[in-house]
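> Sharing a structure, written as structure tokens. Questions coming.
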Amino acid sequence: GFSWKLLDHPKLPKGKTVAVVVLDGWGEANPNQYNCIHVAETPTMDSLKTGAPERWRLVRAHGTAVGLPSEDDMGNSEVGHNALGAGRIFAQGAKLVDIALASGKIYEGEGFKYIKECFETGTLHLIGLLSDGGVHSRLDQLQLLLKGASERGAKRIRVHILTDGRDVLDGSSVGFVETLENDLENLRQKGIDAKIASGGGRMYVTMDRYENDWNVVKRGWDAQVLGEAPHKFTSGIEAIKKLRAEPKANDQYLPPFVIVDENGKPVGPIVDGDAVVTFNFRADRMVMIAKALEYENFDKFDRVRYPKIHYAGMLEYDGELKLPSHYLVSPPEIDRTSGEYLVHNGIRTFACSETVKFGHVTFFWNGNRSGYFNSEIEEYVEVPSDSGITFNVQPKMKALQIAEKARDAILSKKFDQVRVNLPNSDMVGHTGDIEATIVACKAADDAVKMILDAIEQVGGIYVVTADHGNAEDMVKRDKSGKPLLDKNGNIQILTSHTLQPVPIAIGGPGLSAGVKFRNDLPNGGLANVAATVMNFHGFEAPSDYEPTLIEVVDN
Ligand code: 3PG
Ligand code: CO
Numbered sequence: 240g241f242s243w244k245l246l247d248h249p250k251l252p253k254g255k256t257v258a259v260v261v262l263d264g265w266g267e268a269n270p271n272q273y274n275c276i277h278v279a280e281t282p283t284m285d286s287l288k289t290g291a292p293e294r295w296r297l298v299r300a301h302g303t304a305v306g307l308p309s310e311d312d313m314g315n316s317e318v319g320h321n322a323l324g325a326g327r328i329f330a331q332g333a334k335l336v337d338i339a340l341a342s343g344k345i346y347e348g349e350g351f352k353y354i355k356e357c358f359e360t361g362t363l364h365l366i367g368l369l370s371d372g373g374v375h376s377r378l379d380q381l382q383l384l385l386k387g388a389s390e391r392g393a394k395r396i397r398v399h400i401l402t403d404g405r406d407v408l409d410g411s412s413v414g415f416v417e418t419l420e421n422d423l424e425n426l427r428q429k430g431i432d433a434k435i436a437s438g439g440g441r442m443y444v445t446m447d448r449y450e451n452d453w454n455v456v457k458r459g460w461d462a463q464v465l466g467e468a469p470h471k472f473t474s475g476i477e478a479i480k481k482l483r484a485e486p487k488a489n490d491q492y493l494p495p496f497v498i499v500d501e502n503g504k505p506v507g508p509i510v511d512g513d514a515v516v517t518f519n520f521r522a523d524r525m526v527m528i529a530k531a532l533e534y535e536n537f538d539k540f541d542r543v544r545y546p547k548i549h550y551a552g553m554l555e556y557d558g559e560l561k562l563p564s565h566y567l568v569s570p571p572e573i574d575r576t577s578g579e580y581l582v583h584n585g586i587r588t589f590a591c592s593e594t595v596k597f598g599h600v601t602f603f604w605n606g607n608r609s610g611y612f613n614s615e616i617e618e619y620v621e622v623p624s625d626s627g628i629t630f631n632v633q634p635k636m637k638a639l640q641i642a643e644k645a646r647d648a649i650l651s652k653k654f655d656q657v658r659v660n661l662p663n664s665d666m667v668g669h670t671g672d673i674e675a676t677i678v679a680c681k682a683a684d685d686a687v688k689m690i691l692d693a694i695e696q697v698g699g700i701y702v703v704t705a706d707h708g709n710a711e712d713m714v715k716r717d718k719s720g721k722p723l724l725d726k727n728g729n730i731q732i733l734t735s736h737t738l739q740p741v742p743i744a745i746g747g748p749g750l751s752a753g754v755k756f757r758n759d760l761p762n763g764g765l766a767n768v769a770a771t772v773m774n775f776h777g778f779e780a781p782s783d784y785e786p787t788l789i790e791v792v793d794n
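Note that the numbering used here numbers the sequence shown so that position 43 is 282, with each residue one more than the last.
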């Protein structure tokens, strides 16, 4: 029968303290002025790279290596941490939705049937991120859903859009809204009353995460449900163009707006008897709105009106909370993660990050599962993130505090594994502020140094890697790699993640002399890291895990 017991590694000892450091958004790319990691002073990461060549390599962190549909899909922190923790590659959100849409299975599921019950007399509302970024949602999936729902009886449809500019270029919202308007026009020609009803920028409206700022969700609620917002327009296109023309406006932070008819009445508030689908597949930024839409008792803000609706998520957003209770596509079932195995084998585990990435190094790492496996030997520490600012204002973020917590955990000798995520290069990279991102990369490097110094002191082992690229390339490029310019001749800033591989470095006084990276896994990816870490704790990985990156040669 099944057993949690891991086999002993034939050569590697137990009892070493292992630090696992994930630099968020830290990829490897050509050294040039738009590579903030290269420009920044990063002596610690540099020394790992130029140190022992058999203990530094690159691993794949995008596309099929992390369960995404194709090699054009950049990595992201959710799938990256899933792969790091699970040690295997699971088909992920976007891919599951693609499969369900292509086969039509999505329309046969319980979730769609539940939504459909409202089509006769109610409106179908679709709320989500309007872009082709593929991290949280995809425009083509929304298009298919609009088509599929209208063919299956939805007569009145309202789309509540959230503009992106974070996983895609700033300014691209205009094109996405045009495409959507065009599709809605085609539906109207077929006699379906289909319109954009409200909108706003993703970082200011609706898509907050980890309960950082409920005001963000409230702004969305007011526009989407109550039909109230400071800005009113007669079409989605007009809204985006006018709001973007304001000084300093950008897609991520557009203010909330509602679309009104010729009498100034909102065209699509959510009312009793309506159906609502949040069409993002990624969970982290949907949990809060899902709670507002689903929970009868709710005190995070005054909802004013709580309509009786049939609500479904594109996916289930929290497996522990069973939230929402209805969804269109079933989630990947990530079982037997490395964290769960190691805890069953007595590995005392400490995990830490600041709020914006805390869930990544715990929930996502543990296969989308919240809480401890065994609270007696685990401790998860969340350092509160700065809130109410964009991270280019405080690019050092909480790197120092996270490193101090990790250092203390290592020196305490109370833990076998000390795992952290350092968010700087990703969170500041997303702002598109190159100067600030350079400061961010240095701050992350300083934090790595503090953790490695502690490992040195206790005779431990370190694994330093990243979840996907971001700060190593801050400019949009053409096919040949040349920076693209906008119509004013300025470079087009790349705020998104990248397709680049990420480094992984291993070492520390506790690492046996014969340990080196094997040469027979040139396409190794993030999913190979779990088996590697298990080895450093003195165990063999389960046989169905992606193979370890290391071998132990006898000296
Ligand atoms: C976000 O949600 O901030 C970005 O779309 C992706 O960020 P992450 O994958 O690095 O968390
Ligand atoms: Co990111």
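Even glycine gets a Cβ: it sits at the ideal position worked out from N, Cα and C.
Of all the alpha helix (DSSP H) runs that stay within the bounds of the stretch 676-706, which reach a length of 4 or more residues?
Here no run is fully enclosed.
> Which runs of the alpha helix (DSSP H) fall wholly inside the stretch 601-681 and span at least 4 residues, in chain order?
Runs found: 638-650 and 663-668.
> If I measure Cβ to Cβ from Val506 and keep anything under 6 Å in the same chain, skipping five residues before and after, which residues do I get?
By 1-based counting over the sequence shown, the position of residue 506 is 267. Cβ within range, chain order: Lys434, Ala436, Ile498 and Asp500.
> What does DSSP give as the partner residues of Lys434 in its beta bridges?
What you label residue 434 is simply residue 195 of the sequence shown in a count that begins at 1. The partner list for Lys434 (beta bridge, DSSP) reads Arg397.
> Out of Gly764, Ala341 and Glu572, state which residue places its alpha-carbon closest to the alpha-carbon of Asp557.
The residue labelled residue 557 in the question sits at position 318 within the sequence shown. Cα-wise, what sits closest to Asp557 is Glu572.
> Are the CB atoms of Arg391 and Lys355 nearer to each other than 9 Å?
Locating residue 391 in the sequence shown gives position 152, counting from the first residue. Locating residue 355 in the sequence shown gives position 116, counting from the first residue. It is a contact, given that the beta carbons lie within the stated cut-off.
> By how many angstroms is the C-alpha of Asp672 removed from the C-alpha of Val407?
The sequence position of residue 407 within the sequence shown is 168, counting from 1. The sequence position of residue 672 within the sequence shown is 433, counting from 1. If I take the Cα positions, the gap works out to 15 Å.
> So, does the stretch 580-597 touch the stretch 642-654, judging by three or more C-beta pairs under 8 Å?
With a cut-off of 8 Å, the stretch 642-654 and the stretch 580-597 count as touching, because enough Cβ pairs lie within range.
> On the criterion of 16 or more Cβ atoms from any shown chain inside 10 Å, does Gln696 qualify as buried, or is it exposed?
Taking the first residue of the sequence shown as position 1, residue 696 is located at position 457. Counting Cβ neighbours within 10 Å, Gln696 comes out exposed, since fewer than 16 surround it.
> Counting pairs of beta carbons, one from the stretch 444-459 and one from the stretch 415-425, are three or more of them closer than 8 Å?
No: fewer than three Cβ pairs fall under 8 Å.
> Quick one: is the Cβ of Arg377 within less than 8 Å of any heavy atom of the ligand 3PG?
Counting from one through the sequence shown, the residue named residue 377 turns up at place 138. It does not: the Cβ of Arg377 is nowhere closer than 8 Å to a heavy atom of the ligand 3PG.
> Any heavy atom of the ligand 3PG within a distance shorter than 8 Å of the CB on Asn315?
What you label residue 315 is simply residue 76 of the sequence shown in a count that begins at 1. Answer for Asn315: yes, Cβ within range of the ligand 3PG.
> Looking only at DSSP bridge pairs, what is Asp247 linked to?
Working through the sequence shown from its first residue, we reach residue 247 at position 8. Beta-bridge pairing links Asp247 to Phe778.
> Can you tell me where the alpha helix (DSSP H) with Val259 in it begins and where it stops?
For the purposes of this step, residue 259 is taken as residue 20 along the sequence shown, with counting starting at 1. From DSSP, Val259 is part of no alpha helix (DSSP H) but of the beta strand (DSSP E) over Val257 to Leu262.
> My understanding is that Val702 touches Val416, with C-beta atoms under 8 Å, so please give their C-beta distance in whole angstroms.
In the sequence shown, counting from the first residue as 1, residue 702 sits at position 463. In the sequence shown, counting from the first residue as 1, residue 416 sits at position 177. Between Val416 and Val702 the Cβ distance is about 44 Å, and since that is not below 8 Å, they are no contact.
> So, Ala268 versus Thr362, is the Cβ gap smaller than 9 Å?
Taking the sequence shown and counting its residues from 1, the one referred to as residue 268 is at position 29. Taking the sequence shown and counting its residues from 1, the one referred to as residue 362 is at position 123. In this structure, Thr362 does not lie closer than 9 Å to Ala268 by Cβ.
> In the structure shown, what three-state DSSP assignment does Arg448 receive?
By 1-based counting over the sequence shown, the position of residue 448 is 209. The answer is coil: DSSP assigns Arg448 none of H, G, I, E or B.
> Taking 8 Å as the cut-off, is the beta-carbon of Gly668 closer than that to any non-hydrogen atom of the ligand CO?
On the sequence shown, position 429 is the one that residue 668 refers to. Yes, since a heavy atom of the ligand CO falls inside the 8 Å radius drawn around the Cβ of Gly668.
> Is His277 near the ligand 3PG, in the sense that its beta carbon is under 8 Å from a heavy atom of that ligand?
Sequence index remark: in the sequence shown, residue 277 carries index 38 (1-based). Not so, every heavy atom of the ligand 3PG lies at least 8 Å from the Cβ.
> Using only the alpha-carbon positions, how far apart do Leu368 and His669 sit?
Walking along the sequence shown from the start, residue 368 turns up at place 129. Walking along the sequence shown from the start, residue 669 turns up at place 430. Using only the alpha carbons, I get a separation of about 16 Å.
> Looking at the structure shown, is Lys755 part of a helix, part of a strand, or coil, going by DSSP?
Mapped onto the sequence shown, residue 755 falls at position 516. Strand, per DSSP.
> Tell me whether Ala752 is buried or exposed, calling it buried when 16 or more other Cβ atoms sit within 10 Å of its Cβ.
The sequence position of residue 752 within the sequence shown is 513, counting from 1. By the neighbour-count rule (16 or more Cβ atoms within 10 Å), Ala752 is not buried but exposed.
> For Asn797 versus Ala686, is the C-beta spacing smaller than 9 Å?
Residue coverage of the chain in this structure runs from 240 to 794, which leaves residue 797 outside it and unanswerable.
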